[in-house]
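First the structure, in the form of structure tokens, and then the observations on it.
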Amino acid sequence: APSTASVLITGASGTGKELVARAIHEHSKRSGKPFTPINCGSFPETILESELFGHEKGAFTGADNSRAGLFEATTGGTLFLDEISETSLSFQVKLLRVLQEQQVRRLGSNSFTPVDVRIVAATNKSLNSLLSSGQFREDLYYRISVVTIELPSLEERLEDIPLLAEHFLAQFNQRNQRQVTISEDAIRRLTSLRWPGNVRELENLIERLAIFTATGQITAQEVERERTERAGAAKGSENSASTLGGKLEEIERQEILRVLREAKGNKSLAARMLGIERKTLYEKARRLAIDLQSRPS
90 APSTASVLIT GASGTGKELV ARAIHEHSKR SGKPFTPINC GSFPETILES
140 ELFGHEKGAF TGADNSRAGL FEATTGGTLF LDEISETSLS FQVKLLRVLQ
190 EQQVRRLGSN SFTPVDVRIV AATNKSLNSL LSSGQFREDL YYRISVVTIE
240 LPSLEERLED IPLLAEHFLA QFNQRNQRQV TISEDAIRRL TSLRWPGNVR
290 ELENLIERLA IFTATGQITA QEVERERTER AGAAKGSENS ASTLGGKLEE
340 IERQEILRVL REAKGNKSLA ARMLGIERKT LYEKARRLAI DLQSRPS
């Protein structure tokens, strides 16, 4: 993909949109520069602007230092805007201006910084429907969709499973300094299964199999056993409101709320106290239904 054209990837959740975006970057002339993913639906609008465009010290409460945004940090590389359909119309105007003028202005600044970034965007919604309902700007749509890739579900492309399985296994081995392999029978078993969770489900299964394989080679029997156990666990927890996962999430939620109270609502301080990045705090707050805009009591 030597082109520098913007790419829009569409497909259901879990179909591997980030995987495709990363492959586009790695096969482009920008492969030696950063590939930076961000989920646009994980942040409130002002924080998303700060993440992408950067901010100056004092630009907003908690902005204790000046910081470059992802457009500046990714100059020369590829910026992956996942779930771009979750952005507001007002944000879309600002994003379009950056893409048109190829320069960015940090929040709280009067000066512009030139940027050279290739955009790959993704959504699991129909942008055509959002265009018709006025929820997505037509000019931005045409700016980001010079090339459009529609990803089918994994069940519609079972022939990709062997390659994907080997890819995820290679990633696991590299991260964990292991040499786990997978048998041909196991690959055949994987291609015969249903995949409602798409590529993400396959990736998670391969990682679990690699962790627990008894011999260092994933077998068809291990695939079958893992799938059976997972299906049984899912069925057993369908009507249970007090699963272990639910309890752990509530513990995590209460801990974040406690730290926010101690920090008197200062998100940057709370993130430091928790030992996580500010953007991670926002992601956790969104997942755990914590309103970061309200004053802690």
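In my numbering, the protein residues as written are 90 to 386.
Yeah, the Cβ is synthetic: ideal placement off N, Cα and C, and Gly gets one too.
In this text, all values refer to a predicted model and were calculated from it rather than measured experimentally.
Alpha-carbon to alpha-carbon, residue 270 and residue 283: 22 Å
Candidates 256, 241, 148, 296, of which the one nearest residue 285 by Cα: 241
Residue 128 - containing alpha helix (DSSP H), residue span: No alpha helix (DSSP H) contains residue 128, which is instead part of the beta strand (DSSP E) from 124–128.
Buried/exposed call for residue 279, threshold 16 Cβ in 10 Å: buried
Selection from 229, 361, 254 that minimises the alpha carbon distance to residue 67: No statement about residue 67 is possible, as the shown extent of the chain runs from 90 to 386 and does not include it.
Where residue 331 falls, given that 16 or more other Cβ within 10 Å makes a residue buried: A caution first: residue 331 carries a pLDDT of 48, below 50, which makes its placement in the model too unreliable to give a value.
Proximity below 9 Å, CB of residue 191 to CB of residue 205: yes
Coarse secondary structure for residue 381, derived from DSSP in three states: coil
Option in 370, 366, 357 with minimal Cα separation from residue 345: 370
Whole-angstrom distance between residue 123 and residue 328, CA atom to CA atom: Note that residue 328 has pLDDT 48, beneath the 50 cutoff, so the model's placement of it is unreliable and the number below is only indicative. Straight-line Cα distance between these residues: approximately 44 Å.
Boundaries of the beta strand (DSSP E) in which residue 292 is found, first to last residue: Not the beta strand (DSSP E): residue 292 falls in the alpha helix (DSSP H), residues 287–301.
Segment contact, 8 Å Cβ cut-off, at least three pairs: the segment 169–177 with the segment 127–135: yes
Spatial distance of residue 307 from residue 257 (CA atoms): 13 Å
Distance between beta carbons of residue 94 and residue 235, contact taken as under 8 Å: 4 Å
Spatial distance of residue 367 from residue 375 (CA atoms): 13 Å
CA-to-CA distance, residue 111 to residue 275, given in whole angstroms: 27 Å
Residue 99: first and last residue of the uninterrupted alpha helix (DSSP H) it sits in: Residue 99 -> not in any alpha helix (DSSP H); beta strand (DSSP E) instead, spanning 96–99.
Cβ shell of residue 338 (< 7 Å), same chain only, five flanking positions each side left out: 377
According to DSSP, residues forming a beta bridge with residue 169: 126, 209
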